[in-house]
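Here is the structure we will look at, set down as structure tokens.
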Amino acid sequence: APLQGNSPVVISFPGEMVSQMSDWERAHRYLERYGYLNEPGSGVDGKQRKLDYFLKKMQKQLGLPETGELDAPTLDALRAPRCGVPDVGS
Amino acid sequence: FQTFQGDLKWDHTDLTYRVVNYSPDLDTSITDDAFARAFKVWSNVTPLTFTKRQSGEVDILIQFGTGEHGDGYPFDGKDGLLAHAFPPGKDTYSGDAHFDDDEFWTLGTGIVVKSYGGNSDGATCHFPFVFEGQAYSTCTTDGRTDGVPWCATTASFDQDKRYGFCPSELLFTYGGNGGGEKCVFPFVFLGKSYDACTTEGRQDGYRWCATTANFDQDKKYGFCPNRDTAVIGGNSQGEPCVFPFTFLGQRYSACTSEGRQDGRLWCATTSNYDVDKKWGLCPDKGYSLFLVAAHEFGHSLGLEHSSVREALMYPMYTYEADFHLHPDDVAGIQFLYGKGSAPEPTVPSWPTQSPDVPEEPTTEADGSTTTEDYGSAATGSTPVDHPTDACSAGWYNAVAEIKTELYLFKDGQYWRKPSAGAARIQGPLRIRDTWPALPDLIDAAFQDPLTKKLFFFSGRRFWTYRGTRALGPRSIEKLGIGGDVQKVTGALRRKNGKVLLFSGEQFWRLDVKAERVDRGYPRHTDSLFAGVPLDAQNIFLYKGKYYFCRDPFCWRMTPQYQVDKVGYLKYDVLQCP
């Protein structure tokens, strides 16, 4: 019979860390971890305007379209496997 | 390129390094070779030399670790952050390179299993191999009574009788103080008896065993090498899959994505997940230790991240088979150290098409040196690395009608041709983005119209996908296709849940529901499909007609088995301009 109503079962696997971070939180953490927020006096206060600025900085460094938005290429970059050395500063 | 603030660099050119510990993912000789080749990337274009030391003070210490591993910069588990390194200097960690051992370290294209003993002189396992008429895609203990896994090092043990033993704690350990001796089971640790490797007593998750019967007394131990079926992460890191296993009452004989939203393949590490809840992710392509090491050693020498996507020092990882140091990297390292006396390397012109992707990694007979160059340079996360127009691709690994669209597969990419006459072909897209479990090379594919289940074939293996749920790889032998068949070249969907599978000059009729070919097959292609080329590269159903394509032409056949047109795949089928 056709699979009507047979929706896939999704379970929680023990020991697996499932990130509950929002895209914004993920971006903030990335910017912080890889040195983009280390600019003197540039603390992010959670406002979109600030994030735009640092996102553009990151997008420029990584050769992504400089939109200042959490667009698809930027979200992909946030999830991509990479080196742990900061991109900005030491 | 960028250098660290103050242009940090070594004040001498004869640099030394030491490997502090090893990952259980790779044989130590393969790891050593990867590091040596990674250093050579830089010594080729500078006056720098790199010498490996077994002990004592060195410039660059190389270490594997997980989580917080001592330097205050913790790793983050699987994926994400892969490794890091410190710039040159006099500080404790200066020049050191650390690799996250929660990653699955390979040479970038999947597990590399070096064999030991036997009669193959350390050659790598050949998967699949045939033993007593059965095909094996992993090491096996079949045919032995001592439980030691083995593999053939050629395609057929029955024919060549070449074999070796696979990494196993029953054969050897690494590191520790046990001198590489095998585990002794059972062994006693803190008064408790152990019949298998354990992570008890450790915080870093490495599996270990005693190499005498009593650790409490003798204090002799070693780390357990990962078996080829060892899982990654989950709650059973390093333990092998157990097949078949039960999950939600169903039996599974292969890794599956059932139960997951992300499509990743997993297995249970006991025979019953429902009871034991022990699991891990199945081995994937892993990350190329050579590539990542070459990047990290760039930091060890004084280079910061480059914003040139094709450069080795770009921060993101992408595997490419054909490695060349990018001119940006050469300029950076020569800014710090000069050119050296070696001949100037030939700077390649960058390909406009994706390079051919090798199906499996290849190693020399001694298993220690890869014959391919394992490639460089991250390219970010665009749809494909080197986008190619479908019409200029020239040929395809596989062509298949899925739903009502024609799918064209080639070297890790695919295109979709909508059913509407001259609608633009979409793509290329990455196969791995849509179907993460699949390899880059797809030989044939089809969709079962009843269940919507997709079948993909690559070499002697096949995968199924229903939505995002994957199952496989499994051997085509499971379908009843003989061990001498190297690949399925095409598939024609028929009525009543049947599909014809082609290889060479013969075909089988597959009962899709039973996942088994019918009796009376294979039959000769010419017996039913007279007038089509018997060496067709792509065979598929499209808009109710059969197509047999041999570059650059296609023979179109009606359901009444009459060839009604011979034309170009490119112009007549794909309607390229």
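Sequences listed follow chains H and E, in order.
For the record, in the first sequence the residue sitting at position 4 is 4 according to the working numbering, with numbers rising by one throughout.
For the record, in the second sequence the residue sitting at position 20 is 1020 according to the working numbering, with numbers rising by one throughout.
Yeah, the Cβ is synthetic: ideal placement off N, Cα and C, and Gly gets one too.
Since the structure is predicted, the reported quantities are computational estimates derived from the model, not experimental observations.
A distance below 7 Å between beta-carbons, with the five flanking residues on each side excluded, links E/Arg-1469 to the following residues of its chain, in chain order: Ser-1257 and Glu-1258.
Looking only at E/Phe-1039, E/Phe-1243 and E/Asp-1284, the smallest Cα-Cα distance to E/Tyr-1273 is reached by E/Phe-1243.
Not a single CB atom of chain H sits nearer than 8 Å to the CB of E/Ala-1034. Residue-level contact by beta carbon fails for H/Gly-68 and chain E, as no gap is shorter than 8 Å.
Of E/Gln-1506, E/Leu-1510, E/Val-1488 and E/Thr-1489, the smallest CA-CA separation from E/Lys-1498 is found for E/Leu-1510.
Partner residues in the beta bridge of E/Tyr-1287, as assigned by DSSP, are E/Trp-1105. Interface criterion not met: the Cβ of H/Arg-29 is under 8 Å from no Cβ in chain E. Residues of the same chain with a CB within less than 8 Å of the CB of E/Asn-1397, apart from the 5 flanking positions on each side, are Phe-1409, Lys-1410, Asp-1411, Leu-1441, Ile-1442 and Asp-1443 in chain order.
Minimum Cα-Cα distance from E/Ser-1458 among the listed residues E/Gln-1447, E/Gly-1472 and E/His-1098 corresponds to E/Gly-1472.
Against chain H, the CB of E/Gln-1447 has no partner CB under 8 Å away; the residue lies outside that interface. Its chain contains Phe-1131 as the residues whose beta carbon lies nearer than 7 Å to that of E/Asp-1142, once the 5 sequence neighbours on both sides are disregarded; these appear in chain order. Taking a contact as a CB-CB distance under 8 Å, the pair E/Lys-1513 and E/Gln-1447 does not count as one, their CB atoms being some 14 Å apart. With the rule of 3 Cβ pairs closer than 8 Å, the segment 67–83 of chain H counts as touching the segment 1312–1326 of chain E.
Here the segment 1081–1099 of chain E lies against the segment 1001–1012 of chain E, with 3 or more beta-carbon pairs under 8 Å apart. In this structure, E/Trp-1150 is the residue among E/Asp-1096, E/His-1524, E/Trp-1150 and E/Thr-1145 with its C-alpha nearest to the C-alpha of E/Ser-1115. Using a Cβ distance threshold of 8 Å, E/Tyr-1022 and E/Thr-1031 count as a contacting pair. Per DSSP, the beta bridge partners of E/Cys-1209 are E/Gly-1222. Distance from E/Leu-1107 to E/Phe-1290 at the Cβ level is roughly 6 Å; contact confirmed, criterion being Cβ atoms closer than 8 Å. The C-beta of H/Gln-61 comes closer than 8 Å to at least one C-beta of chain E. Among the residues of the segment 1071–1103 of chain E, those with a Cβ less than 9 Å away from any Cβ of chain H are Tyr-1073, Phe-1075, Asp-1076, Gly-1077, Asp-1079, Gly-1080, Leu-1081, Leu-1082, Ala-1083, His-1084, Ala-1085, Phe-1086, Pro-1087, His-1098, Asp-1100 and Glu-1103, in the order of the chain. In the three-state reduction of the DSSP assignment, H/Thr-74 falls in the helix class, which pools H, G and I. Distances from the alpha-carbon of E/Gly-1056 to those of E/Val-1020, E/Glu-1477 and E/Val-1488 put E/Val-1020 closest. Cα atoms of E/Gln-1261 and H/Tyr-34: separation of roughly 29 Å, rounded to the nearest angstrom. With its beta carbon less than 8 Å from one in chain E, H/Arg-82 belongs to the interface.
Looking at the DSSP output, E/Ile-1060 shares a beta bridge with E/Tyr-1017. Think of a sphere of 7 Å around the beta carbon of H/Asp-87: the chain E residues whose beta carbon falls inside it are His-1305 and Pro-1315, in chain order. Contact between E/Ile-1060 and E/Leu-1015 holds: their C-beta atoms lie close to 6 Å from each other, under 8 Å. Under the three-state reduction of DSSP output, E/Tyr-1174 falls in the strand class. For H/Phe-13, the C-beta contacts it makes with chain E under 7 Å involve Gly-1234 and Trp-1279, in order along the chain.
Look at E/Gln-1261: its C-beta is under 8 Å from a C-beta on chain H. Taken through DSSP and simplified to helix, strand or coil, E/Pro-1577 comes out as coil.
Cβ proximity to chain H below 8 Å picks out nothing from the segment 1555–1567 of chain E. Scanning chain H for C-beta atoms nearer than 9 Å to the C-beta of E/Arg-1251 yields nothing, as the closest lies near 16 Å away. Ranked by how close their Cα comes to the Cα of E/Glu-1401, the residues E/Phe-1004, E/Lys-1219 and E/Leu-1492 have E/Leu-1492 in first place. Just so you know, the alpha carbons of E/Phe-1050 and E/Ser-1043 end up roughly 8 Å apart.
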